[in-house]
Each structure stands twice: as structure tokens, then as C-alpha cells.
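In the numbering used here, the protein residues as written are 74 to 874. Built from N, CA and C at the ideal position, the CB exists for glycine as well.
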């Protein structure tokens, strides 16, 4: 709901006025075009012959794939047809949909009446009052959305070759965090060197909504898109009409004359084509310039893009800055994308005042200082301080404020901790080695919410150690992520990319900054001195060495001493020798002929075994192949790395299959606590220093209540068990020397029958509920009633869980 809006400096609360203001604004934004200046694409691009297949006839397979790829549980368009309807009833709708695509291919499809959307407004931040602070999302009718999805799936495989590597938005295999890492390294490099440079942060005003159509269509034709494919895109774009939906009421219907609809599956890819022109134009303009950012970065500009989020690193040279200003203005006039000078800024590095004045004069941007926020992350000169990580803590607090933990079971709280609280710092963990204080603080919040608090706010008893909770379930834990291990697993990805993705921007920049001028080119031998992030990565090299293995081919990119080509890095095998390795930066190819001189003296029986490890060298131009030991495919994955790190040195739990039984999570959690003897029986309370009155509330004996008595020896459980055995073939109830072995033995006897195993756990759950009702509510039931309840609940669980 939009309850208020600032209109002409006045805060308005009238719904009709608010609706009219939004309708007028977006009708003016989308419904007006402007005369753009033409641009000569022939000087920027050569047509791609690969795109000729984009206009092939549509087939049933690709249309069905598009139907299934449209997301479920999404709002339907004005036609009210949800995606699930077509997924579940594809045979019924297939003839009609195939006929529509046949008409589209034959250029006789009329979309004017179908291509309609509701424009839904999403506030960019909390408490917004300006009409420009909302993001317009188009909720489109099903047929045009499906056509757009089919065209997008056709285009998607070609995009990596069409879009510059400086762009990481919407492209499979490119990471948003890669641009942040590159920006951070450039900031450190400029700040630590004596070179002059400027960082520009560009903000485009309503970027998606402002794209000039003539510019887009001309660009596509010059890049080699078939005329028929361009006509299909033109049909989707030019027939679009919308109506703004505000507070449940629709505004005036208007026709689009420019812009790309957010919510259209094809729009992100088309926008990438438009945004790429800025990158290519800057690259073209750089050929006439002699200035460089630094000796290690021999170029006048370094551009980073994530969709429309743009950073430009510029050599602080008057001619370079003037050229940049001209390129930006040319791009604005041609594409329709306008720079918002009020939200754009620049950060100078060692720049004299006269150059700062020139920047202000030519661009009109605001001067600012680091840290700044880029892609939602703090871009700093050095290691970020506590203030930079405050957004993580604030987001966690906002989540906690909306939850009523006391109304949730422990299993419900475990789900929220696992899926929400644990996920909040993940984005930061992929680019920062989080400080210890932050991980400890987040763990404290997670622990406290999991175990709950009393009405007075006092924390309740924590039944298990946090290290045990963070173990995988197969190792006897609850499977919560250990943030420290997850952090390392995420960061190892960047070392992996240095070894495997030499076409990425991250590799190219790191190679320029840290690779030695001579010797082996293995990233494990690159310079350890650098930014704080680079030093953090270097601290993980030892872990990387033992997690990877190299299949030597040419041997020129493999370190003889430090890469793992023989089961272990050679240096670790010989680490007991007093002498350090000779020629530590030598490659495998160069070391193989010199083996007898390189290996330290005295040589023992290991020498012959080392000789046997040496693989034969192939042709010099053959690349060495690295693989990840913890993944079945040999490719790096965060999940396989985390599982290995979290399970290292841990024994597999004797019994944990109750997590797979058909019963509610609350009973699974209860069974886990029972199996580990962590239920707060009298014995456990006494062990924790609590004053208890000895005696069993079920059989009224004077024995100290513990798990063995309550679930195996008590006359109540014996009577209940005998009642259930009349209906089910339950095994005998015999206690062993511990609760864990007793539960494991009992469940192992019924492991072949999941229904019977669920009945056993539900029986224990029923006993525990009855025990608590008698103690805390002064209510009791007969054994027959408890048995009936257990049977009914078990039947429901097996049917619906």
C-alpha cells in the first residue's frame, strides 16, 4: 500500500491523487519518445555469424521447455492465467500454443490486444515518498510472456560471446561478486601507488525504462541478429500497453513508446546489449589515448558493469577525462539512458585540485570519499571496520523483530535459523573473510533464537553445544552451517577461478597485479603482498593445495614444489628436510630434467617413490588440468567443500535416519534430543544444578526420572507399548546401557518399515507430551487414550508427511 506520496512538495494521502500521479508519471516516462542521434555501429562491432540460427522455426521441445522454465508461484497477468495452469495441462493447451507460434513465425500474429500488463510498484527502500523511488514491475499476460521466454532461451547461449567480460549481470557463469573483487583490487592499487586516478560511480536515471527502441533495433541488426528475430522482438516491444496498479485500483491504459519492461523475460538480455555499447565505445576511444591508469594496468579506462550499475576507473589526465565525458554524452543521446548527476559521484586518488575542478565542470558529479556502497557491499581502501558490517546485523535484527519465537516449536525455529538467519551473511562471506567478532555475534543470535527465551527475556537452557549443532546430520549434528567453514568454502572459489578461468576479469586483473614477471605461472606462486582480500586468499592457499590435484600435461603452469600433482604437494612431503626447496618458483616442466639436483640431500628411500610419482610430460602446448578432490565431477563446488571441511575428523553418527522418517519436523527434533539424552528430565535438570522433586509423574514411583526410565522402564510406557503391539508388530522394549544405544537398537529393528519406525518415534513423543501435561497442566489421560492418539497421528503422518 502506498499511503502517502510527495507531489509538488506536498505530502498527499488521497488515494485518487496518488493513483493519478503515478499514472501521469509512467505515462510520460514510457509513453513519450525523443529524437536520438544516430551512432555508427560499424566502427564498434562486426556482425556475428553465429546468430543466424535465432530465426529457425519454433519446435515443440523448446516451447515446452519455456513453459516449464517459467517460474511457479508468481503473480498472474491481467488475464488471470497462472504459469502452473499450462504446466499441469500442457497436452490440452499445446495445440493452441503451437498455433500461436506458427503465426508468429509467419509474421501474421497480432499481439495488440494480448500484450497488456499491470504495472506494479515496488519501493526501492523503506519509507519512500517520491514517485521516482518505486521500481515498476510489469505483470504481463501469459502468451506474450511465453513468447518472450522462448526468445530469451534462444538468445541466452550466445550472450557470453556478445557481451564484454566487464559485464556480469544476468549471464550464466559470471558472478556479481567478481566485479566487486576487481573494483576492490583497483582501489587498493590506486591508493597504494603514486599514480593519479579517478573512480566514477555512474547512476542511470530509470535505465530500463528509458531505452530508445530505434537504437536497440539498429544495434541488433548491426550485430548480426536475423531480421526475423529482430521483428519478433519489435512486435513484443512496440505493441506493449500498461496500466499502473496502485492500492488495488488501475490507472489509465497507455501505450509504450520506449523502454524495456521489467518483468519481461527477454528485457534483461536486451538491456545488456544496450549497456555493452558504453563498454565498447570506451574501449574504442582508448585507442587514441596514451594515458594509463598505472604501469601494471596499461589502459586509460577500466569499466565494470552489473546491468546498469557502473564503475569507471579513469587515468587522471585532462584529455582522458574530456574523452570520457564526450563518450558518456554520446551514449546518453544515442541510447536514451541518461546519467543522474545527483546520484553519480567520483572518488579521486592522488588527483590535483585543477583536475577535480575539470571533473566537476564536465560531468557535474559529486565528489565523495571511500567507503562507498557498490553492489550492496562496502568498497573500502583497507580492511572494513565494524560500521561496514552493520547492515548484516541490522537485517538480522529486522528479521527477529517480525518473528514470535515463543509461538514456534524448536523445529520451526531451527528452520528459520537455517534458511533465513544463516543465509543473511552469505553475500558478504563470498567476498570477505568475516572477522571473528562478527561470526561470534551472529552465532550468539542464532543460538539464542534456536533455544528460545523466557517471557522475561532470559535465555533458556541450551541443550547441545554449538559445535555439535553445526555438525552435519550424518555426523550427529543438526546440520546448521558453521559460518567460519562456510566462509572459507566460499572464498576458495576465487582461488579456483585463478586456476581455471583465465578469461575472467578477476583472473586478468590478478595476473597483472600479482603474477611474477618470470618463472612458473601457477597462481600458488603469485606475490602474497597486496590488498587485505588478496592476503586473506593467500592464507587459504594451504587448504587449496590439499583440496586440489593437478594432472600434468605440458607442466609449464604447474608448480613443481607447491602444486598437488603427486597426492600431496612435494614441499609438504619433504618438509622435514632442513634446507628450503631449491628454486621454489620453478615449474614442473623446467624441474623434471633437474630432479637429481633439486631434491635435497640426504636422499632416503622416499627418493625412488618420488621418481615414480612423476607423470610423463606431454607436448608443451598442452594445458595442465586441475580438479577438485571433494567433488565427484572434479569441478569446484562450495557445498562439496563445506561437507568435507565440516566432516573432517568426525565419525559418522551411529543412527540418524530418523530425519528421513515420515513425521513432522518437531517430532524429528524431539527424537534427536532423546537419542542424544538431552531431554530435560529430572536427571538432566539435576545435572544442570536445578532443584527437582524426585519421582515419575506417569507411574508415580519415587525413582529419579531419566530417559531410560521414562521411555523403557516405566510401567506407563510398558502398558502403552503392549496396547500398540495388539495392532502393530512392534519389537520388544528392552533398555541397554545408554539412551543412545537403546534408541538406536530399537529403531534399527524396525528400519525396514518406515511406518513402524515413525510409530515408535510418535509413541515416545506421546509419552513426553503426557508427562508434560501431567507436570505443567495437571491434566492426565488413560493409557488407552494415549494409544489411540498415537495410532491416529502415525496414520496421518504416513499419509501426509
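Residue i versus the options, residue with shortest Cα-Cα distance
| i | options | result |
| --- | --- | --- |
| residue 333 | 326, 309 and 407 | 309 |
| residue 220 | 766, 184, 207 and 238 | 184 |
| residue 563 | 521, 612 and 506 | 506 |
| residue 292 | 391, 328, 121 and 622 | 121 |
| residue 816 | 191, 776 and 744 | 744 |
| residue 720 | 546, 614 and 257 | 546 |
| residue 663 | 594, 624 and 604 | 594 |
| residue 732 | 627, 836, 549 and 755 | 549 |
| residue 175 | 130, 161, 699 and 803 | 130 |
| residue 349 | 591, 150, 376 and 788 | 376 |
| residue 797 | 860, 785, 528 and 579 | 860 |
| residue 773 | 789, 245, 553 and 627 | 789 |
| residue 542 | 746, 457 and 251 | 746 |
| residue 329 | 460, 189 and 521 | 189 |
| residue 704 | 696, 697, 713 and 698 | 713 |
| residue 395 | 364, 835 and 799 | 364 |
| residue 407 | 753, 800, 81 and 113 | 113 |
| residue 149 | 111, 192, 135 and 126 | 192 |
| residue 230 | 601, 124, 178 and 251 | 124 |
| residue 730 | 597, 154, 831 and 501 | 831 |
Beta carbon of residue i nearer than 8 angstroms to that of residue j
| i | j | result |
| --- | --- | --- |
| residue 411 | residue 242 | no |
| residue 263 | residue 342 | no |
| residue 819 | residue 840 | no |
| residue 404 | residue 354 | yes |
| residue 568 | residue 610 | yes |
| residue 301 | residue 128 | yes |
| residue 486 | residue 523 | yes |
| residue 351 | residue 391 | no |
| residue 813 | residue 748 | yes |
| residue 274 | residue 401 | no |
| residue 109 | residue 281 | no |
| residue 284 | residue 104 | no |
| residue 413 | residue 74 | no |
| residue 99 | residue 217 | no |
| residue 448 | residue 253 | yes |
| residue 631 | residue 553 | no |
| residue 658 | residue 592 | yes |
| residue 588 | residue 599 | yes |
| residue 777 | residue 756 | yes |
| residue 456 | residue 605 | yes |
| residue 96 | residue 324 | yes |
| residue 627 | residue 695 | yes |
CB-CB length for residue i against residue j, believed under 8 angstroms
| i | j | result |
| --- | --- | --- |
| residue 558 | residue 715 | 6 angstroms |
| residue 616 | residue 565 | 7 angstroms |
| residue 102 | residue 369 | Not a contact, Cβ separation roughly 44 angstroms. |
| residue 497 | residue 517 | With a Cβ gap of about 14 angstroms, residue 497 and residue 517 do not count as contacting. |
| residue 240 | residue 161 | With a Cβ gap of about 37 angstroms, residue 240 and residue 161 do not count as contacting. |
| residue 399 | residue 387 | With a Cβ gap of about 13 angstroms, residue 399 and residue 387 do not count as contacting. |
| residue 510 | residue 620 | Contact flag wrong, Cβ pair sits at about 27 angstroms. |
| residue 865 | residue 771 | Between residue 771 and residue 865 the Cβ distance is about 21 angstroms, and since that is not below 8 angstroms, they are no contact. |
| residue 357 | residue 116 | 7 angstroms |
| residue 238 | residue 584 | 13 angstroms between Cβ atoms; not a contact. |
| residue 276 | residue 440 | Not quite, the Cβ-Cβ distance comes to about 15 angstroms (not below 8 angstroms), so this is no contact. |
Cβ of residue i within 8 angstroms of any chain C Cβ
| i | result |
| --- | --- |
| residue 567 | Of the protein chains in this structure there is only one, and it is not chain C. |
(Q) What ranges does the alpha helix (DSSP H) occupy inside the region 364-452, keeping only unbroken runs of at least 4 residues that lie completely in it? (A) Correct list: 391-408 and 426-436.
Q. Is the number of C-beta pairs between the region 824-832 and the region 774-791 that are closer than 8 angstroms three or more?
A. No, because fewer than three Cβ pairs between the region 824-832 and the region 774-791 fall closer than 8 angstroms, the two stretches do not touch.
Q | Minimum length 4: unbroken alpha helix (DSSP H) runs contained in the region 500-558 | A | Correct list: 509-524 and 539-542.
**Q.** Contiguous alpha helix (DSSP H) assignments of at least 4 residues, all confined to the region 705-787
**A.** You should have 711-720, 738-748 and 755-760.
**Q.** Any 3 or more C-beta pairs closer than 8 angstroms across the region 480-488 and the region 730-744
**A.** Taking a cut-off of 8 angstroms on C-beta distances, the region 480-488 touches the region 730-744, as three or more cross pairs fall below it.
Q | Those runs of the beta strand (DSSP E) which lie wholly inside the region 296-342 and span at least 3 residues | A | Within the region 296-342, the complete beta strand (DSSP E) runs of at least 3 residues fall at 314-319 and 322-328.
**Q.** Runs of beta strand (DSSP E) lying entirely within the region 198-227, each at least 3 residues, in chain order
**A.** Runs of the beta strand (DSSP E) lying entirely within the region 198-227, each at least 3 residues long, are 207-213 in chain order.
Q) Are the region 266-274 and the region 315-326 touching by the rule of at least three beta carbon pairs closer than 8 angstroms? A) As far as the Cβ criterion goes, the region 266-274 does not touch the region 315-326, which means the pair count is below three.
Q: Counting only runs of 4+ residues fully inside the region 131-190, write out the alpha helix (DSSP H) ranges in chain order.
A: With a minimum length of 4 residues, the continuous alpha helix (DSSP H) runs that stay inside the region 131-190 are 133-142, 156-161 and 163-178.
Q) Within the chosen definition, does the region 201-213 reach the region 320-338 through at least 3 CB pairs nearer than 8 angstroms? A) A contact between stretches requires three or more CB pairs, one per stretch, nearer than 8 angstroms, and the region 201-213 meets this requirement with the region 320-338.
Q | contact_flag[the region 223-232, the region 133-148] where n(CB pairs < 8 angstroms) is 3 or more | A | In short, these stretches touch, since the Cβ pair count reaches three.
Q: Answer yes if the region 178-195 comes into contact with the region 159-168, meaning at least three C-beta pairs across the two stretches below 8 angstroms, and no otherwise.
A: When Cβ pairs closer than 8 angstroms are counted between the two stretches, the region 159-168 is seen not to touch the region 178-195, the count staying below three.
Q: Tell me the start and end of each unbroken alpha helix (DSSP H) in the region 234-301 that is at least 4 residues and wholly inside, in chain order.
A: Listed in chain order, they are 249-265 and 286-295.
**Q.** Contained alpha helix (DSSP H) runs [length at least 4] in the region 79-137, N- to C-terminal order
**A.** The region 79-137 contains these whole alpha helix (DSSP H) runs: 88-103.
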